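Before any comments, here is the structure.
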Amino acid sequence: MNWRLSALDRITLISNSDAHSPGKLGREANAFACALEYKEIARVIKEKDPTGLLFTVEFFPEEGKYHYDGHRMCNVLYTPEESKQHKNICPVCNRQLTVGVMHRVEELADRPVGFVPKKAIPTIHLIPLEEIIAEALEQGPNTKGVQQEYMRMVEQGGSEFAILIDLPSEEIKKIATPRVYEGIMLVRQGKLKIVPGYDGVYGRISIFPKEGEAEKPVASDTQMKLF
Ligand SMILES: [Zn+2]
3 MNWRLSALDR ITLISNSDAH SPGKLGREAN AFACALEYKE IARVIKEKDP
53 TGLLFTVEFF PEEGKYHYDG HRMCNVLYTP EESKQHKNIC PVCNRQLTVG
103 VMHRVEELAD RPVGFVPKKA IPTIHLIPLE EIIAEALEQG PNTKGVQQEY
153 MRMVEQGGSE FAILIDLPSE EIKKIATPRV YEGIMLVRQG KLKIVPGYDG
203 VYGRISIFPK EGEAEKPVAS DTQMKLF
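Heads up, the sequence shown is in the working numbering, so the first residue is 3 and it goes up one at a time.
So this is what it looks like as structure tokens:
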């Protein structure tokens, strides 16, 4: 969404994960192809060199707790456009809506949705492999079944990033169950069902379409064509 602000064009956008727990390391990341030493990394970032900084890996921004606008207690979830139509007032309690990130982006943006600047470093949005397996197995991410499957796949595939990003689909097929394979492909294609976060409620992403529900691509974003 930063690409919609021309004022940010001169800045190199990078994505870093914080380290609250080891399992979350690398959930956001930068893929460098340069020599992995301070000076060279600094140069690549400074110059926005696309041969040195290949892409960034990020969450889906919709997962954030304040992506859209609304009122949690009143069960009102609005796009920035809808809240504008309602003059930022909640139709249930008549108080000011809690305005989210996209609302501010809309105010600042001087480019349309989906705009990609010429010199932008590509970004890909990922869902952790654990969560893909968990949804495929219909179990919690911390359950033994999911953890065992995760460890088995990472051992065979080389790493989580290899499985999510690099390996060709035929290789994934060899190490994944059919449903997990399907899940990984849906994430790669950005074909997910997303309910954006609002007013302190985390966004929800589901990978597998529920019965009677049409698959639809991520509405507001641009999954890079890396795959
Ligand atoms: Zn309300």
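Glycine residues also receive a C-beta, built at the ideal position from the N, C-alpha and C atoms.
Note that the coordinates shown come from a computational prediction; the quantities given were computed from them, not determined experimentally.
Taking the alpha-carbon positions, what's the Gln87 to Cys95 distance? 16 Å
Taking Gly25 as part of the beta strand (DSSP E), name the residues at either end of that continuous run. No beta strand (DSSP E) holds Gly25; DSSP gives it neither H nor E.
Note down, one range per segment and in chain order, each beta strand (DSSP E) of at least 3 residues found wholly within the segment 24-112. 31-34, 55-60, 71-73 and 78-80
What did DSSP end up calling Arg12 once you bin it into helix, strand or coil? coil
Buried or exposed for Asp71, please, with buried defined as at least 16 other CB atoms from any protein chain shown within 10 angstroms of its CB. buried
Got a sec: does ligand 1 put a non-hydrogen atom nearer than 6 Å to the Cβ of His73? yes
How would you label Pro198, buried or exposed, when you count the other beta carbons within 10 angstroms and need 16 or more for buried? buried
Under the criterion of a Cβ to heavy atom distance below 6 Å, does Val94 qualify as lining ligand 1? yes
Arg6 in three-state terms, based on DSSP: helix
Report the residue from Glu157, Tyr80 and Leu55 whose alpha carbon sits nearest the alpha carbon of Glu64. Tyr80
Which of helix, strand or coil does DSSP assign to Phe229? Summary for Phe229: the model assigns pLDDT 43, below 50, so the residue's position carries little reliability; its value from the coordinates is reported in the next sentence. Phe229: coil per DSSP, three-state reduction.
Leu110 burial status per 10 Å Cβ neighbour count (16 or more: buried): exposed
Own chain, CB closer than 7 Å to Lys132, minus 5 neighbours either side, in chain order: Lys is not the amino acid found at residue 132; the sequence shown has Glu there. Result list for Glu132: Pro143, Val148 and Tyr152, in chain order.
Taking 6 Å as the cut-off, is the CB of Cys36 close to at least one heavy atom of ligand 3? Ligand 3 is not part of the structure shown, which contains ligand 1 as its ligands.
In whole angstroms, give me the CA-to-CA distance for Arg113 and Arg106. 14 Å
Secondary structure at Ile135, three-state DSSP: helix, strand or coil? helix
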